[in-house]
Structure formats: structure tokens, C-alpha cells
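In this note's numbering, the protein residues as written are 590 to 739.
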Amino acid sequence: MGQTEKNWILDGLNTYSARLVHFVPFSVREIPELKNAASLSREQVKDKEGELILKNIKATDEVILLDEHGKGFSSAEWAAVIGKKLDAGSRDMVFVIGGPYGFSKKVYERSNGMISLSRMTFSHQMARVIFAEQLYRAFTIIRGLPYHHE
């Protein structure tokens, strides 16, 4: 949710986005932050953000939520997951980073799975960069390129 505002975060996101397009079509879609969110309850914020998220998802998309309750992976395990999806001819994958209160019930119901970047909590802006780097790392592992070291 919201735009990437810090230049150093935007630089990192742009770096990994540019690298990822050599492997797969990749783009980042930012959903604007809600106006007057301070006057809403947490559930109202999640519901309104959820509506915006769902408007940006096609019926054919595979939706993976980045969520603290999702499954955690090592980089090599994550690469194996991505590799299997590629081998299976997976439909378009959409990875969703939620707002500060998580996702609405409708977004959870629409999702096809959840992953966790860490047991720690990151700002959604930081999560974008960390996730893009991990996705790039997964593709380098899949292709046997010298980026990841075990």
C-alpha cells in the first residue's frame, strides 16, 4: 500500500526490478494509501484496502500474500518453489504486500497461498525491496548464476 517515497528504497526496488525483467515479466503496482484512514477503524482500513487490492487482481491470477503468518523459506527453498511453478506453467503470479494492519478477510479468501519474508516485521516499503531481491535471487539460483552463495 502506498508509494515508495524514500529514494534509497526506490533505487533498490528499481535495481531488482530491472534485473528481474531479464527472467520474467515483472512490474510493481502501488495502490494509493487511503485518505482519512485515521478516522477509520483497523477493520475498516483493511476492508477498504482489500477492495483496492481485489480490483487489481484478475480472476486468473495466482495470488500469494506476503504475510507474517505465511510459510517461511530459505532462499534455496524459495527458488525451488518458483522453479516448480515455472515448470508447471503457472498462471500469472501476483505477490501482495498489505498495509499496516494486514489483509481483509476477502483478500485472504481470494489468495492462493501466503509466504513470510521473516519472523520480523518490515515496513511495506522495505518489504518491497527485500522481496524483489529474494525473487531475483531465486531466479539466479534456478539458472545457476553466481549470485547466491551457500
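C-beta atoms are modelled at their ideal positions from N, C-alpha and C, and glycine is treated no differently. Given the structure is predicted, the values throughout are model-derived calculations rather than measurements.
Assigned with DSSP and collapsed to three states, leucine 599 falls in helix. Assigned with DSSP and collapsed to three states, aspartate 650 falls in coil, not helix or strand. DSSP links phenylalanine 684 through a beta bridge to Ile653. Secondary-structure assignment with DSSP links lysine 660 through a beta bridge to Ile704. For leucine 675 and serine 628, the gap between their C-alpha atoms comes out near 43 Å. Counting C-beta atoms within 10 angstroms of its own C-beta, glycine 661 has fewer than 16 neighbours from the protein chains shown and is therefore classed as exposed. By the 16-neighbour rule on beta-carbons within 10 angstroms, glycine 687 is buried. When Cβ pairs closer than 8 Å are counted between the two stretches, the region 597-617 is seen not to touch the region 646-663, the count staying below three.
The alpha helix (DSSP H) runs of length 4 or more contained entirely in the region 691-739 are, from start to end of the chain, 694-699, 713-732.
The count of Cβ pairs closer than 8 Å, one atom from the region 659-673 and one from the region 700-712, reaches three, so the stretches are in contact.
For arginine 631, the uninterrupted alpha helix (DSSP H) run begins and ends at 631-644, by DSSP. Nearest neighbour of arginine 631 by Cα position, chosen from Ser693, Pro614, Ile719, turns out to be Ser693. If you draw a straight line from the Cα of glycine 691 to the Cα of phenylalanine 720, it is about 17 Å long. Of the candidates Glu739, Arg732, Tyr725, Tyr725 places its Cα closest to the Cα of valine 610.
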